[in-house]
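Scroll down for the structure; my scribbles are underneath it.
Numbering (our numbering), first residue to last: 725 to 1030.
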């Protein structure tokens, strides 16, 4: 049993225990009539609650296709927990009603199965489920944000090993005589690449000078450095064409459906309000990172560090 499964079992155990504790305190369903039998009924209700949680987990995983995962972000976790509650709450209410009818109707005749009894039970379980959901929502949000901040910190440390030393121009020591030697030194960094559009226009640049490429309608905007200045060129092309041209450069990755980025030109990774952005050097623009592309961004940074 892996850590994720153990944590899931622990969460369901605590949630069910909270529900049974609340029922034990307020004693609905005629539990105040019984004496020692009440404790036995509470134990049975606890088992039913855990069984319902198990069934709901199976439904979410294999029917709704929402496996438990921290890697998909806090919004996914919250959405999954909401669906869990929507499925589990009426299911628990049904199990309790059936148990009341079969095992507790001798205590109170009103425990016999009926629509009014089901709605009463559903209202009680829904209230308890709402309270439990608020607790786990707060806890998971804090836990995930802490994990995300630590991961971003580690990625920024790894980025430092990808970032070359400042050029003479960036240190304020640049002179015109340095330009030729600077260009020659860059030939070995990644070489020269020519980006072609569907028409005759082309953009030739040092791969180390590429900042990012952005999709703009039927065109792509190529943002790169030339003579120490940030320059943008427009090509009539698709992002797929650009990816195909740059596929041999592992540091050029898709960070968003509309952006290709050179990770060697990323100054910092920023996480704010659940979203991740890449701060680009020289032009200081921030590029969004989609959840679906974050994995390949991490992998590229880790490969570049090694």
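Cβ atoms here follow ideal geometry from the backbone N, Cα and C, with glycine treated the same way.
Outcome for residue i when other beta-carbon atoms lying within 10 angstroms are tallied against a minimum of 16
i: residue 905; result: With a pLDDT of only 37 at residue 905, under 50, the local geometry of the prediction cannot be trusted, and the value read off the model is given with reservation. By the 10 Å Cβ count, residue 905 comes out exposed.
i: residue 823; result: buried
i: residue 747; result: buried
i: residue 901; result: Bear in mind that a pLDDT of 41 at residue 901, under 50, signals an unreliable position, so the model cannot answer this.
i: residue 921; result: buried
i: residue 977; result: buried
i: residue 970; result: buried
i: residue 1023; result: exposed
i: residue 953; result: exposed
i: residue 948; result: buried
i: residue 839; result: exposed
i: residue 740; result: buried
i: residue 843; result: exposed
Residues of its chain near residue i, where Cβ-Cβ distance is below 6 Å and the 5 sequence neighbours each way are ignored
i: residue 819; result: 772, 776
i: residue 909; result: For residue 909, the pLDDT reaches just 34, beneath the cut-off of 50, and the residue's location in the model is therefore unreliable, leaving the point undetermined.
i: residue 913; result: Confidence at residue 913 is low in this model, with a pLDDT of 42, below 50, so its placement is unreliable and no value can be given for it.
Cβ shell of residue i (< 8 Å), same chain only, five flanking positions each side left out
i: residue 1010; result: 994, 1001, 1002, 1003, 1004
i: residue 873; result: 995
i: residue 846; result: 813, 814, 817
i: residue 806; result: 857
i: residue 963; result: 937, 939, 944, 978, 981, 982, 984
Same chain, Cβ closer than 7 Å to residue i, neighbours up to 5 away in sequence not counted
i: residue 828; result: 753, 754, 765, 835
i: residue 850; result: 813
i: residue 981; result: 1014
i: residue 762; result: 755
i: residue 991; result: 1003, 1004, 1005
i: residue 1027; result: 974
i: residue 1018; result: 1000
Closer than 9 Å to chain D by CB, residue i
i: residue 1018; result: In summary, chain D is missing from the structure at hand, where a single protein chain is found.
C-beta contact flag for residue i and residue j at 9 Å
i: residue 934; j: residue 989; result: yes
i: residue 959; j: residue 943; result: yes
i: residue 742; j: residue 852; result: yes
i: residue 975; j: residue 886; result: yes
i: residue 883; j: residue 1025; result: yes
i: residue 781; j: residue 808; result: yes
i: residue 735; j: residue 860; result: yes
Residue i versus residue j - alpha carbon distance
i: residue 1016; j: residue 979; result: 9 Å
i: residue 926; j: residue 946; result: 11 Å
i: residue 940; j: residue 871; result: 34 Å
i: residue 957; j: residue 986; result: 16 Å
i: residue 892; j: residue 966; result: For residue 892, the predicted structure reports a pLDDT of 40, less than 50, and the residue's modelled location is therefore unreliable. The matter cannot be settled from this model.
i: residue 879; j: residue 1020; result: 13 Å
i: residue 862; j: residue 856; result: 10 Å
i: residue 931; j: residue 915; result: 6 Å
i: residue 937; j: residue 804; result: 35 Å
i: residue 826; j: residue 768; result: 12 Å
i: residue 866; j: residue 961; result: 43 Å
i: residue 999; j: residue 917; result: 32 Å
i: residue 984; j: residue 786; result: 35 Å
i: residue 858; j: residue 802; result: 10 Å
i: residue 841; j: residue 821; result: 7 Å
i: residue 800; j: residue 729; result: 18 Å
i: residue 968; j: residue 875; result: 30 Å
i: residue 833; j: residue 750; result: 19 Å
Which residues DSSP lists as bridging residue i, in chain order
i: residue 957; result: 946
i: residue 1011; result: 1002
i: residue 986; result: 976
i: residue 995; result: 1000
i: residue 920; result: 926
i: residue 940; result: 943
Residue i: CB within 8 Å of a non-hydrogen atom of the ligand MN
i: residue 881; result: Inclusion of the ligand MN in the displayed structure is not the case, the ligand content being empty and no account of it being possible.
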